[in-house]
Each structure stands twice: as structure tokens, then as C-alpha cells.
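Shown next, in C-alpha cells, is the structure this report addresses.
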Amino acid sequence: MKFVFRLLLSLSCLVASVHCYGGNGYDPLGRLIDAQTLKSRSVSRVSETMATEYSPVYMGPQDGLKAADKILGLPGQPNGMKFDQYSGYVTVDPKAGRALFYYFAESQNPSSKPLVLWLNGGPGCSSFGNGAMMELGPFRVNSDGKTLSENKYAWNNVANILFLESPAGVGFSYSNTTSDYDKSSDAITAADSYTFLVNWLERFPEYKTRDFFITGESYAGHYVPQLAEFILQNNKITNQTVINLKGIAIGNAYVDFETEFTGTYDFFWTHALISDEIHDGIVTNCNFSSPATVTDTCNQYRIQANVAKGKIFFYNIYAPFCNTTASNSSPVSGFDPCSDEYIFSYLNIPEVQSSLHANLTGLPGPWESCNDYINGIWNDMALTVLPTIHELMGSGISVWIYSGDTDGRVPVTTTKYGINKLQTSVKTPWYPWYTQEEVGGYAVGYENLTFVTIRGAGHFVPSYQPARALTFFSSFLEGKLPPSTI
């Protein structure tokens, strides 16, 4: 069993270095999911590891820190930007010396727009480098690795967007107690993210009563619901800041162990990536209800599936890998598969780090898109967050799940199977929604849940389909289904 598993893991790790995520084949989520089949510390849900009674979180002095965090201008940014941006550190544990890095892009009309937190997954991957610089932030890094261009479909067109690098050890976030990294987990990430928010809202008090939303993708399918649950629990019993949570949206989100596998192999088969024989073998021999039920015979068919699909970019099955010397690395829908390389170069320029108020303590290595150590050491990962999502659906907040339909890592089939396990009823049947006079995707309105697909998008939805992503996101904030007419 262990030999077969290690072979599977090696197949998922034949990839480039960890700063290459968007178009180079690094697969942190796949690495984690394969490892989870042998993890003894998996739990049914993260609340098993959380305290049942509220204990006051650390509250640090925030006077003057907002002004100190203001970015006067990023090196190489375009002229004429009409929004404010901030970045810096928020201490979440002074005894351990643990601090989380954030980047905040306000809207041009910040007082009239909601506050939105964006989280990338991995686990161990940067919400700033991936989320802000590659997906939905106000800038994209140009191919020279030194200058920026404007992203006209940035989400700060319609909201004030806060990007958080979590947990400690990811991106510019750090701890002076290195043993903290060995404790990286769902529960600690939720608790530290909550402590970050309470302190950040003291630093930016004008946002304390603002409508607040949490969004994210991939393993943030764990982070987002868990943090939302943590907020709602503490809102009831805390004498500190009450966070005005209005909704969550998770995209191509890993939420359930069983449906991740069943949905992935069905997606492979229906998209002609594996043969009928391999798919039949998986259906006949695999029981993915828990790691303990995944047999050697099943894993042999999984190995065949990995070999059969060949070398394709798993996070968008129709997109090329980054290859700076080949002529076939052309962008898909305007997204450059080598953008990770440009971001890595840009964020490691000393002048850029200085303008971001980042790396003040002298981190042991360069900024990386993903922290491979944290990804490999991850503890107490919940086998499913569907019970948490179900509770959030009944809490009165808005719950949206969206899916780029060309993603092979957490494909649309996986998401649909997960929603089916929630056993909720349909209010608005499946329909095509439109943007720019084209079908942007498809949507279903369920009881207390909305499901939206984004046509032609991979795992990083705003990277591949920025206009469609902005349309969907605007509808989410407005609390209405995406437009059904051209």
C-alpha cells in the first residue's frame, strides 16, 4: 500500500520548483490529497480541534499603523491609479513572534463598497502572489518581471479587497518560533486568520461595520467555511469586534474527500483523458468514502489514470505549460502561463519588498508562491467541510460555490457531487448566464445556496476568464443570480 501510494505521490510531484504554480505544473493540492490517504490525523471536521468556549484573542496596539502601511506606489506600476493600497504585518501571537502579511486594494469609492477577504489555498500558497498578482488584484506583472500593467477586471472595481497570506510561513508571513510551521493546520489557520481580522479592523476602524465577505479557491474550500464558522461563533460570545459577515464564495474548492476522487475520475473520462477500461476499473474497485477504504487495487487503477492522461496542465486541461523557449506557450484567454515566473522575479526585488513594507525581519529565503514544507507537514485536515457549509447555509449568510469548467484538479463534477451530498432543493433551475453578449457559464439557485460555473475557466478562474469572473463576483455581492439575458 505504501509503495503504491509513494508512486502516486511521485507522479503528482514531477513538477517545477515551488514558485511555479500558475502554469508550470506544481500541484500542491494534489500532493496534499494523495498524502491524506495515509494521514492518521485527518478529522471529520475542523471544529473537533477548536475550543468550544471563547477565549479573548490577542489585541495589539494599532495606532498609526494604517498610515505606516500605506503604499506610496509600487515600482513599475502604471500612472494614474485612482485607488489607495496598503500592505504590512499584523501580529497574531507576540509571544511566538508570529505575524501575517496582508495587501489591501481599496476601491475608487471605498466608503460605498463592501470589504472582501480573499484566500488562496494550497495549503501553503500565497494569496498575494497568486490571488492579487495573478488573478483578481489591480495589477499584473509584465514579462520583464519589473513592471506592472493594470488589470481592468480587478475585483476592487466593485469592492475593497483584502489579501491575506496565511498561515505563518506562507509568502511574507512568518513566525520567529519555527516550530509553529510544524503545527500548520486547518484549526490554527482559522484561529490566526480570525485574530488577524480583529486586529486589522482596529487598524482600519472605518470597516468595522462594513458588509464583509470571504472568498477563496482550492484548499480555501476549507479555509473560508472554517473561518466563517469561527466568526459566527465568536460574534455571539465575544466582547471584542463583531464582524459583519454577509456571505462566502468558494471556487473550485476542495471540500470533501470522497467527491474529490469520484468527481475527478468522472471528469477525466467524460473529457477523454482516460479510457473506458481505466474508468470502469476505478468505478468497480475504488471506494473513496475514507482513506482507509482506498485499496492497493484501486491505487493501481489511479496510477494508470495518471499515466494515461499524460503531461497536461492539471489546473486548466486546455492550457499550455509555461515554456519560454517554445512557440506553443501562447496565452489562453489572455492569461500568460509564465506569469508565475514574472511574479517571483518582481516580488523578490528589494525595492518592491520595501514599498510593500515586507520582509522586515529578513526571511530565510526568497518569497515563494507556495511553501512546500508547510504543504507537506499539514496536520488535522478535515475529510469534509460539507457539514460546516450546511450549517452556514442555515445561518442567514449568502453561500456561493463556483467552478471553472476546465479545471482538472477540482473539476466541476466534483463540485456538483459535493452539492448533491448537501441534499438541498432547487429554487431556480439550471440556466445559462451571460456577460459581454456571450454565455459566461451556468447557474443553479438552491435553497440557501447558489452554484455558478464559469465557462472556459480553469482552477484560477479570474486568471483565465477575468470579465466573466468579475460579472459573477458582482452578482454575488449584490445577492442576485448572474444575468440570464444578453
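What the sequence shown shows, in mature numbering (1 follows the signal peptide of the UniProt record, and there is no 0), is residues -20 to -1, 1 to 466, in sequence order.
Heads up, the beta-carbon is just placed ideally off N, CA and C, and yes, glycines get one too.
| Query | Result |
| --- | --- |
| Quick one: any contact between the segment 151 to 169 and the segment 179 to 197, if contact means 3 or more CB pairs under 8 Å? | no |
| Rounding to the nearest angstrom, what Cα-Cα distance links Ser455 and Ser378 in this structure? | 12 Å |
| Quick one: what's got a C-beta closer than 7 Å to Asn296's C-beta in the same chain, skipping five residues either side? | Val312, Thr386, Asp387, Gly438, His439, Tyr444 |
| Could you tell me the alpha carbon to alpha carbon distance between Pro463 and Trp413, rounded to whole angstroms? | 5 Å |
| Just the C-alpha distance for Tyr34 and Lys75, rounded to the nearest angstrom, thanks. | Low confidence applies to Tyr34: its pLDDT is 47, below 50, so where it sits in the model is not reliable enough to give any reading. |
| Run the CB neighbour count on Met39, radius 10 Å, all protein chains shown included, and call it buried at 16 or more, exposed below. | exposed |
| Decide if the segment 200 to 211 is in contact with the segment 248 to 259; the criterion is three or more beta carbon pairs, one per stretch, under 8 Å apart. | no |
| Using the C-alpha atoms, what's the distance from Tyr203 back to Ser106? | 13 Å |
| Using DSSP bridges, identify the partner residues of Trp180. | Paired residue(s): none; Trp180 is not in a bridge. |
| Could you pull the start and end residues of the beta strand (DSSP E) that Tyr83 belongs to? | 78 to 85 |
| Residue 468 to Ala139, Cα distance in whole Å? | The structure shown does not extend to residue 468, since the chain is modelled only from -20 to 466, so the question has no answer here. |
| For Ile466, tell me which candidate among Gly459, Thr415, Trp410, Pro391 has the shortest Cα-Cα distance. | Thr415 |
| May I ask you to list the residues that DSSP assigns as paired with Gly425? | Thr408, Thr430 |
| For the beta strand (DSSP E) that contains Gln65, what are its first and last residues? | 65 to 73 |
| Within 10 angstroms of its Cβ, does Ser159 collect 16 or more other Cβ (buried), or is it exposed? | exposed |
| Per DSSP, which one or two residues make a beta bridge with Asn347? | First, the residue type needs correcting, since residue 347 is Trp and not Asn in the sequence shown. The partner list for Trp347 (beta bridge, DSSP) is empty, contrary to what the question assumes. |
| For Val390 and Gly44, what's the separation of their Cα atoms in angstroms? | 42 Å |
| Cα separation between Val26 and Leu177? | Caution applies to Val26, whose pLDDT of 48 falls short of 50 and renders its modelled position unreliable; the model cannot decide the point. |
| So what does DSSP say about Ile292, is it helix, strand or coil? | coil |
| Grouping DSSP H, G and I as helix and E and B as strand, with all else coil, what is Leu457? | helix |
| Is Ala419 helix, strand or coil by DSSP? | A small correction: the amino acid at residue 419 is Val; Ala does not occupy that position in the sequence shown. Val419: strand per DSSP, three-state reduction. |
| What separation, rounded to the nearest whole angstrom, lies between the Cα atoms of Thr17 and Phe294? | 20 Å |
| Taking only the alpha-carbon atoms, compute the straight-line gap between Arg120 and Lys93 and give it to the nearest angstrom. | 23 Å |
| If you draw a straight line from the alpha carbon of Ser67 to that of Asn267, how long is it in whole angstroms? | 46 Å |
| If we define contact as Cβ-Cβ less than 8 Å, is Asp14 a contact residue for chain B? | No chain B is part of this structure, which consists of one protein chain only. |
| Could you give the DSSP three-state label for Lys50: helix, strand or coil? | strand |
| Examine the Cβ distances between the segment 186 to 200 and the segment 233 to 245 and report whether three or more of them are shorter than 8 Å. | yes |
| Hey, how far is the Cα of Pro103 from the Cα of Asn359? | 11 Å |
| Can you tell which of Asp14, Ile254, Trp135 has its C-alpha closest to the C-alpha of Lys291? | Ile254 |
| Do residue 497 and Leu99 have their C-beta atoms within less than 8 Å of each other? | Past the boundaries of the shown model lies residue 497; the chain is included only from -20 to 466, so the question cannot be answered. |
| Can you check DSSP and say which residues form a bridge with Ile381? | Ile230, Phe431 |
| Taking the C-alpha atoms as reference points, what is the distance between Tyr133 and Thr408? | 28 Å |
| According to the Cβ coordinates, are Lys62 and Gln88 closer than 8 Å? | yes |
| Could you check if Ala47 is buried or exposed, using at least 16 other CB atoms within 10 Å of its CB as the buried criterion? | exposed |
| Are the CB atoms of Thr275 and Asn286 within a distance shorter than 8 Å? | no |
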